[in-house]
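Top line first, the protein sequences correspond to chains Z and U.
Take the first sequence: its position 155, counted from the start at 1, is 155 in this note's numbering, and no numbers get skipped.
Count along the second sequence from 1, then add 300; that gives the number in this note's numbering.
C-beta: ideal position from N, C-alpha, C; glycine also.
Remember, it's a predicted structure, so these values are computed and weren't measured experimentally.
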Amino acid sequence: MSENVDTDLPVAAIQSSALSKRAPRDPVSLIGTISLSLIAFAFAFPIAWAALTSLKSTSSVIATRYPLTVWSFFPPHPTLENYVFLFNELKLGRHLLNTAIASSGQVLLVVITSTLAGYAFARLRFPGREGLFALTLLTAFIPLEVILVPLYQVVSGMGLTSTYAALFLPFAAQPFGIYLMRQSFRQIPPELDDAARVDGAGTWRIFWRIAMPNVRPALATLVLIQFIWSWNAYLWPLVIMQDPDKQIVQVMLAGLKGSPNYSLDGPLFAGLTFVTVPLVVMAILLQRYYVRGLMTSGIR
Amino acid sequence: MANVNVRKLVKSFGDATVLRGIDVDVRDGEFLSLVGPSGCGKSTLLRMIAGLEPISAGDIVIDGKVVNGLAAKDRDIAMVFQNYALYPHMTVRENMSFALEMRGLSKAEIAASVASAAAILGLEALLDRYPRQMSGGQQQRVAMGRAIVRDPKVFLFDEPLSNLDAKLRVQMRTEIKDLHARLGSTIIYVTHDQLEAMTMADRIVVMRAGVIEQIGTPLDLYDRPGNSFVGSFIGSPAMNLVRCTVAGGDTGPVCVTAGNQILARLPVTKQVAAGATVDVGIRPEDLEVGASGPHAQVVVVEPTGPETQVTASLDGQIVRLVVKGRSSLNRGDKISLRTDSEKLHIFDAETGTRI
Ligand SMILES: Nc1ncnc2c1ncn2[C@@H]1O[C@H](COP(=O)(O)OP(=O)(O)O)[C@@H](O)[C@H]1O
Ligand SMILES: [Mg+2]
């Protein structure tokens, strides 16, 4: 069985050869390693700082500000009191759930609209296809701030103010998602469509059984990007969600900053730390796919 | 199984007309090959029969029914593509099952059909592999398996062997021919390789620039090409075409080359007026080194083992001859060419039509 191809082998071989090359390090890769470490540090520092601060009691948050030394960053007496306060008093769980609902709705809708529209733009022949696609892309250049007021009027006119649907419905169609999916559908050889058609499949079945399974990396990228986008949304939920119980976690946390009576800095940092966890989990779960998605869309 | 009739078929892409009135009748159980140079419209014709390309004018009839408006999925036709077009996310088994699933067959029926098709093609050991885990030859075989598992009315092949290496191509040629004999199915087989068409087909359709030049059995086309294009397209090495003028000779009309040499007597059956310009077609194996006859100079000598191909210059025109066995000729040698005038093909120089 000499032709028994094990697709994992080459990758393993490349990795192990990269490892063995590590010993005699040349100056170029040394500089590379140092600059990558600096960049990684620059990105990780604020998050690590917030995470460390979340373990300080509110009094030591204030106390360690002066004098500023390296030790200011570390909690003198690590405690979980901020997290307890966050979940018990500020109902973080409730707000996390709100965000989860908004994000799931957002991701689900965008996946549906992007794949359908992307497939149509990539594969179906209809008059005005290219013009329509160009128009779709143009909408990517309209910032939310510009349409905030009319959007609010439309959504409240529909009687959707303070509903969960209002959080994601206005963003159901995303030009970026449509573009991404169109590009990956276009990379599927058209002969596959022909073969499926001859095999007895109609357009819908070709979309579902042939096209969709071959764009999984792009789909993972889309899910991740939409999830992050929606998880970090702030302005629109702030405007449209007037029921504090249904407010998403980001807006709720931002509210802690301006607390007039007493400082909530400790719980604020705890909350900020906690909400990054789902993003990290999501990124790790999907990285196998989206790295490949970004790579293949670049190479082909 | 079915017969296929193509009637006055026309295809245009915008302003470009790529098929200009194609008429072919494919008989039930026949192996018909479409040959022609790249871009002559073979694939387009095949795709129209499959229902993948709309018809500009004319009719396609399958089993007595006009299918012009019928979608590909309803035509009950199987197609093997040049690049195989296997579904990359499906195993061999799933690739072969797909069409049957689309038809709503039960799991048991599908399993049985896949098993028997796999047995015919020797694919049993590959059933759980993905396309990327197989060699080109294996993928090709799976592509055929995907077609035969359906037991369709007609098989369409679009240059299925052109991505294989020479040795495998010869082997698959034999296998496909054997498969056709066993299944008795109607096959329309597109290739640009005339040798494939010659060796496999019951009949060959020679196309050029969107029109059919000739239809016939392989040996028909070889022995009686209807025009100089078919003459030079069919056969390898290609037929020599020597531009000559017809002149009256002592013993009847003769063909005179550009250098005023008499190439051969005009066959007695051919009626050509003296002074007319003709292309004289001579198969390389009908041309010999002789004691007398028109002079030529050897350009290249290519031994292949059982025979030797000699390329020579006859009054500035290149001619090829195939000599049995070994040859002692060398580049630059002067030779005389001899041919049997009854084996000549005479074509009108202007229209290319056989005289
Ligand atoms: N979708 C298309 N749009 C425009 N022109 C096409 C299209 N498909 C094929 N053609 C043209 O039609 C001609 C015949 O193509 P094709 O049938 O693929 O030739 P062959 O298979 O004989 O090589 C070519 O000139 C090709 O450029
Ligand atoms: Mg072709």
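Item, Value
"Are there 16 or more other CB atoms within 10 angstroms of the CB of V600 (chain U), so buried, or fewer, so exposed?", "exposed"
"Closest to V335 (chain U) by CA distance: which of U:Q438, U:E602, U:R508 and U:K624 is it?", "U:R508"
"Figure out for me which residue from U:H595, U:V572, U:L479 and U:A591 has the closest Cα to the Cα of Q561 (chain U).", "U:H595"
"Please report whether the beta-carbon of I377 (chain U) lies at a distance below 8 Å from any beta-carbon of chain Z.", "yes"
"Would you check if the distance between the CB atom of Q183 (chain Z) and the CB atom of V110 (chain Z) is smaller than 8 Å?", "no"
"Do the segment 333–352 of chain U and the segment 369–378 of chain U meet, that is, are 3 or more Cβ pairs less than 8 Å apart?", "yes"
"Does the separation of the CB atoms of G437 (chain U) and L386 (chain U) fall below 8 Å?", "no"
"Skipping 5 residues on each side, what residues in its chain have a beta carbon closer than 6 Å to that of S641 (chain U)?", "A564, R565 and P567"
"Just checking E459 (chain U) against ligand 2 - is the residue's beta carbon closer than 7 Å to any of the ligand's heavy atoms?", "yes"
"Note down the Cα distance separating N214 (chain Z) from S343 (chain U), rounded to an integer number of angstroms.", "26 Å"
"Please tell me whether I504 (chain U) and S628 (chain U) are closer than 8 Å, where the distance is taken between their beta carbons.", "no"
"Who are M434 (chain U)'s beta bridge partners in DSSP?", "In DSSP, M434 (chain U) forms no bridge with anything."
"Closer than 9 Å by beta-carbon distance: list the chain U residues that pair up with N214 (chain Z), in chain order.", "Y387, P388 and H389"
"Does DSSP put Y179 (chain Z) in a helix, a strand or coil?", "helix"
"What residue range is occupied by the uninterrupted beta strand (DSSP E) comprising D550 (chain U)?", "Segment: none, D550 (chain U) is in no beta strand (DSSP E) and carries neither H nor E."
"Using a Cβ distance threshold of 8 Å, determine whether the segment 92–102 of chain Z contacts the segment 187–196 of chain Z, with at least three qualifying pairs required.", "no"
"Could you tell me whether the Cβ of L352 (chain U) comes closer than 8 Å to any Cβ of chain Z?", "yes"
"If the cut is a Cβ gap below 8 Å, which residues of chain U does G202 (chain Z) touch?", "A371 and K373"
"Do we get a CB-CB distance below 8 Å when we pair M396 (chain U) with the residues of chain Z?", "no"
"Could you please tell me which residues of the segment 176–205 of chain Z, in chain order, have their CB closer than 8 Å to any CB of chain U?", "P189, E191, L192, D194, A195, A196, R197, V198, D199, G200, A201, G202 and R205"
"What's the gap between the Cα of L38 (chain Z) and the Cα of D428 (chain U)?", "47 Å"
"Quick check on this structure: which residue in U:V554, U:L423 and U:G484 has the alpha carbon closest to the alpha carbon of T639 (chain U)?", "U:V554"
"Note down the Cα distance separating K311 (chain U) from L36 (chain Z), rounded to an integer number of angstroms.", "59 Å"
"Anything in chain Z within Cβ reach of F381 (chain U), meaning under 8 Å, just list it in chain order.", "E191, D194 and A195"
"Along the chain, where does the alpha helix (DSSP H) containing A612 (chain U) start, and where does it finish?", "It is not in any alpha helix (DSSP H) - A612 (chain U) instead sits in the beta strand (DSSP E) that spans E607 to L614."
"Is the separation between the beta-carbon of A270 (chain Z) and that of L52 (chain Z) shorter than 8 Å?", "no"
"Tell me, please, which residues DSSP counts as bridged to D359 (chain U).", "U:R307"
"Using a Cβ-Cβ cut-off of 8 Å (strictly less than) and excluding sequence neighbours within five positions of R307 (chain U), which residues of its own chain qualify?", "D323, G358, D359, I360 and V361"
"Since I328 (chain Z) meets chain U, which of its residues come closer than 8 Å, beta carbon to beta carbon?", "Because chain Z is modelled from 1 through 300, residue 328 (chain Z) falls outside the range shown and cannot be assessed."
"At a Cβ cut of 8 Å, what residues of the segment 397–431 of chain U count as close to chain Z, listed as they run along the chain?", "F398, A399, M402 and R403"
"Residues around ligand 4, please: the condition is that the C-beta lies closer than 5 Å to some non-hydrogen atom of it.", "Absence of ligand 4 from the depicted structure is noted, with ligand 1 and ligand 2 being the only ligands included."
"When DSSP builds the beta bridges, which residues end up paired with S333 (chain U)?", "U:Y489 and U:I504"
"Helix, strand or coil for N527 (chain U) per DSSP?", "strand"
"May I ask you to report which of helix, strand or coil DSSP gives T651 (chain U)?", "coil"
"Please classify A371 (chain U) as buried or exposed, where buried requires at least 16 other C-beta atoms within 10 Å of its C-beta.", "exposed"
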